[in-house]
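Residue numbers for the sequence shown follow the UniProt record's numbering, beginning at 1 and rising by one. We put the CB at the ideal spot given by N, CA and C, even for glycine. Below is one structure; the comments refer to it alone.
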Amino acid sequence: MPRLSDDERRQVLRMIYEDKNSVRKVAAFMKCSPTTVQNLKKKYKKYSLIRDRPRSGRPKKFNEKDGSCISSDKANNSNLAVQETITTPIKEEKS
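Okay, structure coming up:
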């Protein structure tokens, strides 16, 4: 089942809080499970958020700046493997 869009989430909350509909009625109207509606209601009560909260995850190995250096180095010498590109020292241009 696809996720609810932000507009659909707003509509669900409006139906629950403003129109005073039950979770089951809202779920039937939106064609989703009552658990989805209940979880959205809980999340809105607890965090006052409609969107998903940011998820934690594994930190990136390198930042965007490093990535652009790797891309430019790879473009200059396409024979290098990615691992060689990462370990090759970056040549700074003299001004």
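Is residue i buried or exposed, if buried means 16 or more other CB atoms sit within 10 Å of its CB?
| i | result |
| --- | --- |
| residue 100 | No answer is possible for residue 100: it lies beyond the span of the chain, which begins at 1 and ends at 95. |
| ARG9 | buried |
| ALA27 | buried |
Only counting the same chain, and skipping five residues up and downstream in sequence, which positions put a Cβ closer than 7 Å to that of residue i?
| i | result |
| --- | --- |
| TYR17 | none |
| LEU49 | LYS43 |
By Cβ distance, which residues of its chain are closer than 6 Å to residue i, with the 5 residues on each side in sequence left out?
| i | result |
| --- | --- |
| ASN21 | MET15 |
Using a Cβ-Cβ cutoff of less than 8 Å, which residues in the same chain neighbour residue i once the five nearest sequence positions on both sides are dropped?
| i | result |
| --- | --- |
| ARG58 | none |
| GLN11 | MET30 |
Using the Cα positions of residue i and residue j, report the straight-line distance between them to the nearest angstrom.
| i | j | result |
| --- | --- | --- |
| LYS41 | PRO2 | 18 Å |
| LYS60 | SER33 | 35 Å |
| LEU13 | LYS45 | 10 Å |
Is the distance from the Cβ of residue i to the Cβ of residue j below 9 Å?
| i | j | result |
| --- | --- | --- |
| ASP7 | ARG51 | no |
| LEU4 | THR35 | no |
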